[in-house]
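J.:
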Amino acid sequence: MARWLPRSTDLTRFCQKLNRVKTLEDDMMETSFNRCLSTIDLTLLGIGGMVGSGLYVLTGTVAKEIAGPAVIVSFIIAGFASLLAALCYAEFGARVPKTGSAYMFTYVSVGEIWAFLIGWNVLLEYMIGGAAVARAWSGYLDSIFNHKIKNFTETHVGAWQVPFLARYPDFLAAAILLVATTFISFGAKVSSWLNHVFSAISMGVILFILIMGFVLAQPKNWSTQEGGFAPYGLSGIMAGTATCFYAFVGFDVIAASSEEARNPQRAVPRAIAFSLGLATGAYILVSVVLTLMVPWHTLDPDSALADAFYRRGYAWAGFLVAAGSICAMNTVLLSNLFSLPRIVYAMAEDGLFFQVFSRVHPRTQVPVVGIVVFGLLMALLALVFDLEALVQFLSIGTLLAYTFVAASIIVLRFQQQKGDVPVPVASSRPNPEPHEGPSSSELKEYESFSDKLQLVDRDKSKEQREPGQLKAAFEPYLEFLSDFYPGEVVTVAVVTLMVSAICLCSILVFGNTHLHLPTWSYSLLLVLFSLGFLLSLLLIWAHEQQHSTQTFQIPLVPLSPALSIILNIYLMLKLSYMTWLRFAIWLLLGLLVYFSYGIWHSKENLREPQPQRVSARYVVFPGGSLEERVQAVQPSSQTPELPDTDIDDCKR
Numbered sequence: 022m023a024r025w026l027p028r029s030t031d032l033t034r035f036c037q038k039l040n041r042v043k044t045l046e047d048d049m050m051e052t053s054f055n056r057c058l059s060t061i062d063l064t065l066l067g068i069g070g071m072v073g074s075g076l077y078v079l080t081g082t083v084a085k086e087i088a089g090p091a092v093i094v095s096f097i098i099a100g101f102a103s104l105l106a107a108l109c110y111a112e113f114g115a116r117v118p119k120t121g122s123a124y125m126f127t128y129v130s131v132g133e134i135w136a137f138l139i140g141w142n143v144l145l146e147y148m149i150g151g152a153a154v155a156r157a158w159s160g161y162l163d164s165i166f167n168h169k170i171k172n173f174t175e176t177h178v179g180a181w182q183v184p185f186l187a188r189y190p191d192f193l194a195a196a197i198l199l200v201a202t203t204f205i206s207f208g209a210k211v212s213s214w215l216n217h218v219f220s221a222i223s224m225g226v227i228l229f230i231l232i233m234g235f236v237l238a239q240p241k242n243w244s245t246q247e248g249g250f251a252p253y254g255l256s257g258i259m260a261g262t263a264t265c266f267y268a269f270v271g272f273d274v275i276a277a278s279s280e281e282a283r284n285p286q287r288a289v290p291r292a293i294a295f296s297l298g299l300a301t302g303a304y305i306l307v308s309v310v311l312t313l314m315v316p317w318h319t320l321d322p323d324s325a326l327a328d329a330f331y332r333r334g335y336a337w338a339g340f341l342v343a344a345g346s347i348c349a350m351n352t353v354l355l356s357n358l359f360s361l362p363r364i365v366y367a368m369a370e371d372g373l374f375f376q377v378f379s380r381v382h383p384r385t386q387v388p389v390v391g392i393v394v395f396g397l398l399m400a401l402l403a404l405v406f407d408l409e410a411l412v413q414f415l416s417i418g419t420l421l422a423y424t425f426v427a428a429s430i431i432v433l434r435f436q437q438q439k440g441d442v443p444v445p446v447a448s449s450r451p452n453p454e455p456h457e458g459p460s461s462s463e464l465k466e467y468e469s470f471s472d473k474l475q476l477v478d479r480d481k482s483k484e485q486r487e488p489g490q491l492k493a494a495f496e497p498y499l500e501f502l503s504d505f506y507p508g509e510v511v512t513v514a515v516v517t518l519m520v521s522a523i524c525l526c527s528i529l530v531f532g533n534t535h536l537h538l539p540t541w542s543y544s545l546l547l548v549l550f551s552l553g554f555l556l557s558l559l560l561i562w563a564h565e566q567q568h569s570t571q572t573f574q575i576p577l578v579p580l581s582p583a584l585s586i587i588l589n590i591y592l593m594l595k596l597s598y599m600t601w602l603r604f605a606i607w608l609l610l611g612l613l614v615y616f617s618y619g620i621w622h623s624k625e626n627l628r629e630p631q632p633q634r635v636s637a638r639y640v641v642f643p644g645g646s647l648e649e650r651v652q653a654v655q656p657s658s659q660t661p662e663l664p665d666t667d668i669d670d671c672k673r
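In case it helps, this note's numbering puts the sequence shown at residues 22 to 673.
1. Nearest-angstrom Cα distance between K38 and L613?
2. Ignore the nearest five residues each way along the sequence and tell me which others in A300's own chain have a CB closer than 7 Å to its CB.
3. From the DSSP output, in three-state form, read off L373 for me.
4. Count the other CB atoms, across all protein chains shown, that sit within 10 Å of the CB of S646; report buried if there are 16 or more and exposed otherwise.
5. Taking the C-alpha atoms as reference points, what is the distance between F435 and P488?
6. Alpha carbon to alpha carbon, what distance is there between R156 and I87?
7. S581 lies in the alpha helix (DSSP H); which residues open and close that run?
8. If we ignore side chains and look at the alpha-carbon of each, how far apart do M368 and L584 end up?
9. CA-CA distance, N40 and E112?
10. Near V418, what residues of its chain come up, given a Cβ to Cβ distance below 7 Å and the 5 sequence neighbours on each side ignored?
11. Which residues does DSSP pair with H564 in a beta bridge?
12. Smallest Cα separation from D47: which of L536, P118, A99 and V94?
13. List the residues that DSSP assigns as beta-bridge partners of A282.
14. Taking its Cβ as the centre, do 16 or more other Cβ atoms sit within 10 Å of D62, making it buried, or is it exposed?
15. Classify F642 as buried or exposed, calling it buried when 16 or more other Cβ atoms lie within 10 Å of its own Cβ.
16. How should W541 be labelled, buried or exposed, when 16 other C-beta atoms within 10 angstroms of its C-beta is the threshold for buried?
17. Can at least three beta-carbon pairs, one atom from the segment 301-320 and one from the segment 228-244, be found at a separation below 8 Å?
18. Let me know the secondary structure DSSP gives L627 once reduced to three states.
19. Distance, Cα to Cα, A153 vs S74?
20. Which of the three DSSP states is assigned to L577 in this structure?
21. Hey, out of A115, Y543 and A136, whose CA is closest to A123's CA?
22. Would you grab the beta carbon distance between F406 and L186 for me? Rounded to a whole angstrom, and I think it's under 8 Å.
23. Spatial neighbours of P322 within its chain, please: C-beta separation below 6 Å, excluding the five flanking residues on both sides.
24. Apply the 10 Å Cβ neighbour rule to M599 and answer buried if 16 or more other Cβ atoms are within range, or exposed otherwise.
25. Specify the secondary structure class of L193 as computed by DSSP and reduced to three states.
26. Who does L326 pair with in a DSSP beta bridge?
27. Pick helix, strand or coil for L538, following the three-state DSSP scheme.
28. Apart from the five residues just before and just after G508, which ones in its own chain have a Cβ nearer than 6 Å to its Cβ?
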């Protein structure tokens, strides 16, 4: 029975395979894509990914049902929370200018299986997100024509009453996805130009909404007679923040496009900062004018802006708002279709996904196979499936990606850079006369043993420490940590920090409601897990970071990524249990794909040195004494093996 159990060495080798990291090329600017995107192109891609239908629908929904006029504060807090994640993406996008976004960032710092699972979840996130936006686009256009498209389809095609399927096939949603897929396959420059057109129209409509809104503003709509500025209190503001946070999902399209940027080291951080700032400003200002135009409790959640203009006597403005909404949804569609094939390409290029998706068209220089296949799959989803139940799945995939990217920033910042060698600080004393043999500094004579100890301590303090090593100031107190490899303690501390964050957020979310903990145990667990989180953070901070580079670096590491981690985990735990169940099923499917294909075809697996078969051959020569000689058996192409008959002759 014991011989069927895996040996410890096999288990160790297997775990090493799962956690191996990607080897980056020396020249990361070399690519098969066309580096043609400027900072403006990337900025507009980011704005298109964030400012979609949420600006026209989400603002009214949160204002009426969750936060009131204090939705403004909710968007400010949500924008700051998104900034923490966006800065992590900005640093990675500048340092690793390769397509793949969160998948690539996790692969180069955390490990292969984690990167695959992140890419697998992002893949489904983009597919469901694109199909859901296409159905919203179709429904919005249909509402303008009094639902004539829907009525015609139900009359001539029929309606379905099947679980998980839509009530009727949405041919318009599928058609817009196929048209967008065609444009995306023409190349990055065509996609960028089309995004410029729709973004310009959308921003023009937003500017019109702001100007007209401030002209029609009535400050009394924030007065106590109408319920006040924050009718739902602090709890309403924080609940609104959790909902508004998802409005900023979409800036990762910039990181996914970094391999097509002309100067990614400068363009990616700037584009992420500009797009997030403009999107946050748009959401805040639109929320201001919306709640000042009409009382917040009278808003129509489905079409708040158009209804507000209609009630103020400007019905014609509703058509402009509808046009802006459709253009904004077009930019989101382009963003999803632009990012998804590039992430699939990155996974296929690394051997973790099917190799056919790594083909790049020689003329358009885009992964055309991935664009066509996943464009068709997205159109099929939009055509027949009911996506309302799956929309929450988008949140958990995005938040998981944000969490791993933030953790990857900490791990990468405390790793030794490629080619780093500890460099001693140059001495101010003049160099002694050279002579043959070892350097004269090694042959100095000392008066006593104490002089030698003082010299060793002085040289040790002057030595420049590697990233991941314990800081000199903490060595007297944490000397037992000096024996570990650089970065090893930091990696363990990051895992401990994430476990503490999960436990802390679980107590905050479920402690009073589902677990029904008494007050003393609730408070005790909060204190214990908070201490674990803070001690892990301090332990990471006690180690040396990488020295500042020429590319962008997120400030206040490890504090900023740690705050992003705990916020993302908190929001994930607020999702429904059905979302977690679907997430677990999708993860199991991903693990099946990885262990049946990815782990065997991974390029890192091919780079690993294969163990050579070595055996010992004993040749006994006749003579007065026996002589044993052991030599390694070389491959037959290098050293032919002796036939067995010759060995027998030697023995005789």
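Heads up, the beta-carbon is just placed ideally off N, CA and C, and yes, glycines get one too. The structure presented is a predicted model; accordingly, all values stated were derived computationally and were not measured.
T.: Taking the definition as stated:
1. Each residue's Cα considered, the two are about 16 Å apart.
2. The answer, listed in chain order, is I68, M71, V72 and F269.
3. The answer is coil: DSSP assigns L373 none of H, G, I, E or B.
4. Residue confidence for S646 is low, a pLDDT of 46 falling below 50, so the modelled location carries little weight and cannot support an answer.
5. For F435 and P488, the distance between alpha carbons rounds to 5 Å.
6. Their Cα atoms are separated by approximately 25 Å.
7. Annotation for S581: the continuous alpha helix (DSSP H) segment containing it runs L580 to L594.
8. Rounded to the nearest whole angstrom, the CA to CA distance from M368 to L584 is 29 Å.
9. In a straight line, the C-alpha of N40 is about 22 Å away from that of E112.
10. The amino acid occupying residue 418 in the given sequence is Gly; Val does not appear at that position. The beta carbon of G418 sits closer than 7 Å to those of N142, V143, L145 and E146, all from its chain and outside the five residues before and after it, given in chain order.
11. In DSSP, H564 forms a bridge with L491.
12. Nearest in C-alpha terms to D47, of all of L536, P118, A99 and V94, is P118.
13. Answer is L58, bridged to A282.
14. If you draw a 10 Å sphere on the C-beta of D62, you find 16 or more other C-beta atoms in it, and that means buried.
15. Annotation note: pLDDT 45 at F642 (below 50); position unreliable, coordinate value reported separately. Under this definition F642 is an exposed residue.
16. The residue in question, W541, is exposed, as its Cβ has fewer than 16 Cβ neighbours within 10 Å.
17. Put simply, the segment 301-320 touches the segment 228-244. At least three CB pairs are less than 8 Å apart.
18. Judged by DSSP in its simplified three-state form, L627 adopts helix.
19. If you take the alpha carbons of A153 and S74, they lie about 11 Å apart.
20. Three-state DSSP puts L577 in coil, outside helix and strand.
21. That would be A136, whose Cα lies nearest to the Cα of A123.
22. A Cβ-Cβ separation of about 6 Å places F406 in contact with L186 under the 8 Å criterion.
23. Cβ neighbours of P322 beyond the five flanking positions: G81, T82 and K85.
24. When all chains shown are included, M599 counts as exposed.
25. For L193, the secondary structure class from DSSP, reduced to helix, strand or coil, is helix.
26. L326 is not bridged to any residue.
27. Assignment of L538 by DSSP, reduced to helix, strand and coil, places it in the coil class.
28. F435, Q436 and G489, listed in sequence order.
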